[in-house]
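Just so we're on the same page, my numbering is the position in the sequence shown counted from 1, plus 1048. We put the beta carbon where it would ideally sit given N, CA and C, even for glycine. Quantities reported herein were computed from a predicted structural model and do not represent experimental measurements. This report refers to the structure that appears directly beneath it.
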Amino acid sequence: MTLPLIRKPPAARGAEPQLRDYAAARAAFSWADARRELAGLPGGGVNIAYEALDRHVIAGRGIARALRWIGKDDTVRDFSYADLAAATSRFANVLASLGVKRGERVFSLLGRQPALYAAALGTLKAGCVFSPLFSAFGPEPVLARLTIGAGSVLVTTAVLYARKVAPIRDQLKSLKHVILVGGADDRSPTDARDFDRALAAVPPEFAPVVTAPEDMALLHFTSGTTGKPKGAIHVRDAVLAHRVTGRYALDLRPGDVFWCTADPGWVTGMSYGIIAPLVLGATLLVDEAEFDAERWYRLLARERVTVWYTAPTAIRMLMKIGVDPVAHADLTRLRFMASVGEPLNAEAVVWSAQTFGRPFHDNWWQTETGGIMIANFAALDVKPGSVGVPLPGIEAGIVARRNGRIEPIAAPMAMGELALRPGWPSMFRGYLGETERYERCSADGWYLTGDLAMRDGDGYYWFVGRADEVIKSAGHLIGPFEVESALMEHRAVAEVGVIGKPDPTAGETVKAFVALKAGFTPSDALRKDLLGHARVKLGLALAPREIDFRENLPKTRSGKIMRRLLKARELGLPEGDLSTLESDE
Ligand code: AMP
1049 MTLPLIRKPP AARGAEPQLR DYAAARAAFS WADARRELAG LPGGGVNIAY EALDRHVIAG
1109 RGIARALRWI GKDDTVRDFS YADLAAATSR FANVLASLGV KRGERVFSLL GRQPALYAAA
1169 LGTLKAGCVF SPLFSAFGPE PVLARLTIGA GSVLVTTAVL YARKVAPIRD QLKSLKHVIL
1229 VGGADDRSPT DARDFDRALA AVPPEFAPVV TAPEDMALLH FTSGTTGKPK GAIHVRDAVL
1289 AHRVTGRYAL DLRPGDVFWC TADPGWVTGM SYGIIAPLVL GATLLVDEAE FDAERWYRLL
1349 ARERVTVWYT APTAIRMLMK IGVDPVAHAD LTRLRFMASV GEPLNAEAVV WSAQTFGRPF
1409 HDNWWQTETG GIMIANFAAL DVKPGSVGVP LPGIEAGIVA RRNGRIEPIA APMAMGELAL
1469 RPGWPSMFRG YLGETERYER CSADGWYLTG DLAMRDGDGY YWFVGRADEV IKSAGHLIGP
1529 FEVESALMEH RAVAEVGVIG KPDPTAGETV KAFVALKAGF TPSDALRKDL LGHARVKLGL
1589 ALAPREIDFR ENLPKTRSGK IMRRLLKARE LGLPEGDLST LESDE
């Protein structure tokens, strides 16, 4: 079925999109010119916290609201740019007082609470590297990431510490300092610091460290099909891409009330939930609570949200609820709506255009790219189901890998791998400690994204699927190997294969196939035990929803479990020659 174009709406006077003429902007764009928009620091230094906060304060905009935080119980707390500049300076002073040096890694394991924002930007202000962990991770994912990243500081809460860190504390060799938001309890380490008290004890002034553009700033973990999680290295200069893409693809401007619903534990919640909107002088709206359709519509209206950036799983849940938002709430302030992270069905785009009077603008990027690469722009017609066109400054292509060479595919709507020409500032600089993994995804001057896509005759890109076996569940990328490893630790498990099972709301859910050791027999009780084991080890974010028992799992000639075959069988698809193929990773 081809759905009709959604014509760009006529812009209200004074509200023309910041990128008015896509073709002209693309032709004229250069990263060197765009760089002039950064304030910068002496000697060519770049500090993301300075760009996001101090710069505005120095320019006399300190009283503007930077963050409106809404608690689960509807408590509202506002922070001006000056407040956040002071809080981040305090956090930087705390790090300095602990002897934490420039370049050391500060991790957070926190829900969406104000301290997270102060810690993230305070870490960057101090010249350290920030790495956010999703608070729904269990001990194993936390251990893997803190170990790979050699985290020396962890900011968390007493409850999260007791559940997720205490069981693995003795294995965290590099961890020197634990800072607890909301104070300690009797399960906390005796040398833990209290976040509020530590901040109150130091001055609210700190000169941002003059970090170089290529210094590491952020470490974002992502997953592959095999092996441990990968720590994607992002540098200080990424802020330039955050600024440019926030302005062009999300149309952000000073005074906007911007709601990015992504959790800062993932890259979207950092690049666009914190950095881009602050750099551009907008107000972040942060909701501590989890998804709730009525609440979301209420917040959109009450907080007069102007730009909303969310994800397909949430959009599908809103569609399912069937509430007419416009009948319930005044959404006339809402100027621009965007979506990212997983395929946005064409039907959802059409639904949004009918329901809100404006469509969701799907855009595409990934942890490695650090920022939006391909987008539907306010100034262009939207083709429902397409992820849009490349941003100014971004060269994309559809390519085939043949005998180690990369061949661009020019024919319209021919499927190939989505590739990008490196050179934009938020491109990752490698996976921490794994040079060969980085090399595997670059060839002939292209970065290979691992996604399959097509490009039509107008230059619009269409996402087809992943080239590998990683799972996308509710927008979260999950490595099957990480889930398999945790299940293998159960005493009854001999072999395990994990796949993404299609799900109408979450896109995919995690399903595990288990072969038992001799002496164990399949039963509901054992299944429950395995599910419980996985939840404790992995946390709700990664644990499988379903487990099936199998006598044997299909394997390649070299003995690797064939997830593709498991998936084909699960879906009742033809197995074709899958059963004779060697796994590609
Ligand atoms: P992550 O690194 O966790 O942000 O996941 C990135 C992956 O999510 C991409 O490589 C795609 O497979 C998928 N993805 C991101 N945005 C979209 C989109 N707009 N449509 C379809 N898939 C997407």
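{"Item": "How would you call K1615, buried or exposed, if buried means at least 16 neighbouring beta carbons within 10 angstroms?", "Value": "buried"}
{"Item": "Can you tell me which of K1212, K1565, A1112, A1133 puts its alpha carbon nearest to the alpha carbon of L1157?", "Value": "K1212"}
{"Item": "Which residues, in chain order, sit with a beta-carbon under 7 Å away from any heavy atom of the ligand AMP?", "Value": "T1270, W1314, V1315, T1316, S1387, V1388, G1389, E1390, P1391, L1392, D1410, N1411, W1412, W1413, Q1414, T1415, E1416, V1435, T1497, G1498, D1499, F1511, R1514, K1520, H1524, L1525"}
{"Item": "Tell me the DSSP secondary structure of M1385 in three-state form.", "Value": "strand"}
{"Item": "Do you know offhand how far L1067's Cα is from G1498's?", "Value": "29 Å"}
{"Item": "Tell me the DSSP bridge mates of F1155?", "Value": "S1179, L1202"}
{"Item": "Per DSSP, E1465 is paired with what?", "Value": "V1447, L1500"}
{"Item": "If the criterion is Cβ atoms closer than 8 Å, does the pair A1589 and F1178 meet it?", "Value": "no"}
{"Item": "Evaluate contact between the segment 1366-1381 and the segment 1135-1154, counting only Cβ atoms and requiring at least three cross-stretch pairs below 8 Å.", "Value": "no"}
{"Item": "List the endpoints of the continuous beta strand (DSSP E) containing R1116.", "Value": "1113-1118"}
{"Item": "If you draw a straight line from the C-alpha of Y1209 to the C-alpha of R1406, how long is it?", "Value": "43 Å"}
{"Item": "What span of residues does the beta strand (DSSP E) with F1425 cover, start to end?", "Value": "Here F1425 belongs to no beta strand (DSSP E), and DSSP marks it neither H nor E."}
{"Item": "Can you tell me which residues form a DSSP beta bridge with F1127?", "Value": "L1115"}
{"Item": "Can you tell me the Cα-Cα spacing of E1599 and A1491, whole angstroms?", "Value": "41 Å"}
{"Item": "Taking 8 Å as the limit between beta carbons, can you name the residues of its chain near G1110, skipping five residues before and five after?", "Value": "H1104, S1128, Y1129, A1130, A1133"}
{"Item": "So the beta strand (DSSP E) I1323 belongs to, where does it begin and stop?", "Value": "Note, I1323: premise wrong, no beta strand (DSSP E); not H, not E."}
{"Item": "Once the 5 residues before and after F1597 are set aside, which same chain residues still bring their CB inside 6 Å of it?", "Value": "V1562, P1570"}
{"Item": "Is P1058 helix, strand or coil when you go by DSSP?", "Value": "coil"}
{"Item": "Would you tell me roughly how many angstroms separate the C-alpha atoms of H1290 and G1108, rounded to the nearest one?", "Value": "23 Å"}
{"Item": "If we ignore side chains and look at the alpha-carbon of each, how far apart do P1065 and D1299 end up?", "Value": "6 Å"}
{"Item": "Mind checking D1410: buried by the 16 CB within 10 Å criterion, or exposed?", "Value": "buried"}
{"Item": "What are the residues that DSSP puts in a beta bridge with K1212?", "Value": "K1212 is not bridged to any residue."}
{"Item": "When the Cα of L1194 is compared with those of K1276, L1428, E1517, T1123, which residue comes out closest?", "Value": "K1276"}
{"Item": "Using 8 Å for Cβ pairs, my map puts P1438 next to G1313. What's the rounded Cβ distance?", "Value": "Actually they are not in contact, since the Cβ atoms of P1438 and G1313 sit about 28 Å apart, beyond 8 Å."}
{"Item": "Would you say Q1161 touches the ligand COA, meaning its beta carbon is less than 7 Å from a heavy atom?", "Value": "The ligand COA is absent from the structure shown, which contains only the ligand AMP."}
{"Item": "Is it right to say N1095 is buried, meaning 16 or more other beta carbons lie within 10 angstroms of its own, or is it exposed?", "Value": "buried"}
{"Item": "Evaluate A1080 with the Cβ neighbour count: other Cβ atoms within 10 Å of its Cβ, from every protein chain shown; 16 or more gives buried, anything less gives exposed.", "Value": "exposed"}
{"Item": "Could you tell me which residues DSSP pairs with T1270 in its beta bridges?", "Value": "K1278"}
{"Item": "Determine, using beta carbons only, whether E1517 and R1611 come nearer to each other than 8 Å.", "Value": "yes"}
{"Item": "I'd like to know whether the C-beta atoms of A1072 and L1172 end up nearer to each other than 8 Å.", "Value": "no"}
{"Item": "Which same chain residues, not among the five before or five after D1504, have their C-beta less than 6 Å away from its C-beta?", "Value": "P1460, M1461"}
{"Item": "Tell me whether the segment 1384-1396 and the segment 1408-1428 touch, counting them as touching only if at least three CB pairs, one residue from each stretch, are closer than 8 Å.", "Value": "yes"}
{"Item": "In the DSSP assignment, what residue or residues form a beta bridge with D1551?", "Value": "G1555"}
{"Item": "I need the straight-line Cα distance from G1445 to Y1070, nearest angstrom please.", "Value": "18 Å"}
{"Item": "What is the residue span of the alpha helix (DSSP H) that S1400 lies within?", "Value": "1394-1404"}
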